[in-house]
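Peer 1:
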Amino acid sequence: MTAFDELTTLLPPPPARPPVTWEATEAELGVELPADYKRLYHAYGDVLWCNAFRLLGPAPDEWDDLAARTHRARGDLLPPEQLLPQWQPPVPAGVSIEPAQLIQWGAHEGGDYLLWYPGPDPAVWTIILTNVHQSAWLFTAMPVTDFLLAWTTGTLDLAGNDYFDVGHYLDGEPPYYEIDNPAGDLADGESIRVQATP
């Protein structure tokens, strides 16, 4: 069973997702985005995962739009040489935290960043998490769907950094997501919550 199959079994996607087209977003960023991410976004859209973060994609609202948030993050994130010495992360070989090279794929409710360092093969881009102050860092090389499954189920290797532990957001509850606009129609969509069965 793939990570996508496991995730959609654990937390079934909302019905009636609006169609998603990626061409303009990919052209603006100058890269082809990972296929697993596009499949995940097509299934779930910008749901709020475990009261923590949303996926970003092509959206009319700049706060939900992947390209717009990437440009904003590149302007807001400090370059490595401006970080305090104690906040300098041990960056994996072949990876950069130079803001101009990063893509923001997720938006944390508290302002933290879910990023990619894009390499030549989108299937194995490095995922980078950092908090709004850039004092906590997590690097992991896996597809976003695998990451999301591991994070929501509490099995993600946090490398000793519990800042990003899903338990902080769940407070003992099973994993869940919420969506404000499940039908993609602000006039008629009612918010829903989907929770895993314990």
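Quick note on numbering that gives the first Met the number 0: the sequence shown kicks off at 0 and runs consecutively. Beta carbons are placed, not taken as given, at the ideal position from N, Cα and C, and that holds for glycine. Note that the structure is a prediction, hence the values are computed from the model and not measured.
When you compare only the Cα positions, how much space is there between A171 and I126?
Peer 2: Sequence index remark: in the sequence shown, residue 171 carries index 172 (1-based). Sequence index remark: in the sequence shown, residue 126 carries index 127 (1-based). One detail in the question is off: residue 171 reads as Gly in this sequence, not Ala. Taking the straight line joining both Cα atoms gives about 26 Å.
Peer 1: In terms of residues, what are the limits of the beta strand (DSSP E) holding A106?
Peer 2: Position 107 of the sequence shown, counting from 1, holds the residue named residue 106. Element bounds for A106: 102-107.
Peer 1: Rounded to whole angstroms, what is the Cα-Cα separation between G105 and L82?
Peer 2: Taking the first residue of the sequence shown as 1, we reach residue 105 at position 106. Taking the first residue of the sequence shown as 1, we reach residue 82 at position 83. The straight-line gap from Cα to Cα measures roughly 22 Å.
Peer 1: Let me check understanding here. Comparing Cα to Cα, which of L128, A195, A23, I96 lies closest to E67?
Peer 2: Start at 1 with the first residue of the sequence shown, and residue 67 comes out as number 68. Here the sequence assigns Ala to residue 67, which means Glu is not the residue at that position. Residue A23 is the option with its Cα nearest to A67.
Peer 1: Quick one: using the 10 Å Cβ neighbour count with 16 as the cut-off for buried, is G56 buried or exposed?
Peer 2: Residue numbering aside, residue 56 sits at position 57 when the sequence shown is read from its first letter. G56 counts as buried, since at least 16 other C-beta atoms from the protein chains shown sit within 10 angstroms of its C-beta.
Peer 1: With DSSP collapsed to three states, give me the class of L65.
Peer 2: Here residue 65 refers to the residue found at position 66 when the sequence shown is read from its first residue. The answer is helix: DSSP assigns L65 an H, G or I state.
Peer 1: Could you tell me if Q103 is buried or exposed, where buried requires 16 or more neighbouring beta carbons within 10 angstroms of its beta carbon?
Peer 2: Here residue 103 corresponds to residue number 104 of the sequence shown, with the count starting at 1. So Q103 counts as buried.
Peer 1: Using the DSSP secondary-structure output, state which residues sit across from T129 in a beta bridge.
Peer 2: What you label residue 129 is simply residue 130 of the sequence shown in a count that begins at 1. According to DSSP, which records beta bridges pairwise, T129 is partnered with Y112, W136.
Peer 1: Which residue from P78, R192, L6, F52 puts its Cα closest to that of F163?
Peer 2: The sequence position of residue 163 within the sequence shown is 164, counting from 1. Per the Cα distances, F52.
Peer 1: Any chance you could list the alpha helix (DSSP H) runs of at least 4 consecutive residues sitting entirely within the stretch 9-50, in chain order?
Peer 2: 22-28, 34-43
Peer 1: Closest to L157 by CA distance: which of W136, V143, D145, L148 is it?
Peer 2: Position 158 of the sequence shown, counted from the start, is the residue given in the question as residue 157. Ranking W136, V143, D145, L148 by Cα distance to L157 puts W136 first.
Peer 1: Going by CA-CA distance only, name the one from A99, A195, P17 that's closest to P59.
Peer 2: The sequence position of residue 59 within the sequence shown is 60, counting from 1. The shortest C-alpha separation from P59 is found at P17.
Peer 1: Could you work out which residue in Y43, L39, D75, Q194 is closest to V143 when comparing CA atoms only?
Peer 2: For the purposes of this step, residue 143 is taken as residue 144 along the sequence shown, with counting starting at 1. When only C-alpha atoms are compared, the closest one is L39.
Peer 1: Using the DSSP secondary-structure output, state which residues sit across from G56 in a beta bridge.
Peer 2: As a working note, residue 56 is residue 57 in the sequence shown. DSSP, once it has assigned bridges, lists D64 as partnering G56.
Peer 1: In this structure, what does DSSP give as the bridge partners for Q87?
Peer 2: Within the sequence shown, residue 87 is the residue found at index 88, counting from 1. Answer by DSSP bridge pairing: none, since Q87 is not bridged.
Peer 1: Any heavy atom of the ligand SAM closer than 7 Å to the beta-carbon of D45?
Peer 2: Absent from the structure shown: the ligand SAM. Ligands present: none.
Peer 1: Per DSSP, R192 forms a beta bridge with which residues?
Peer 2: As a working note, residue 192 is residue 193 in the sequence shown. For R192, which the question treats as bridged, DSSP gives the partners E177.
Peer 1: By the three-class DSSP mapping on this structure, what secondary structure does A2 have?
Peer 2: One-based indexing of the sequence shown puts residue 2 at position 3. Per DSSP, reduced to three states, the secondary structure at A2 is helical.
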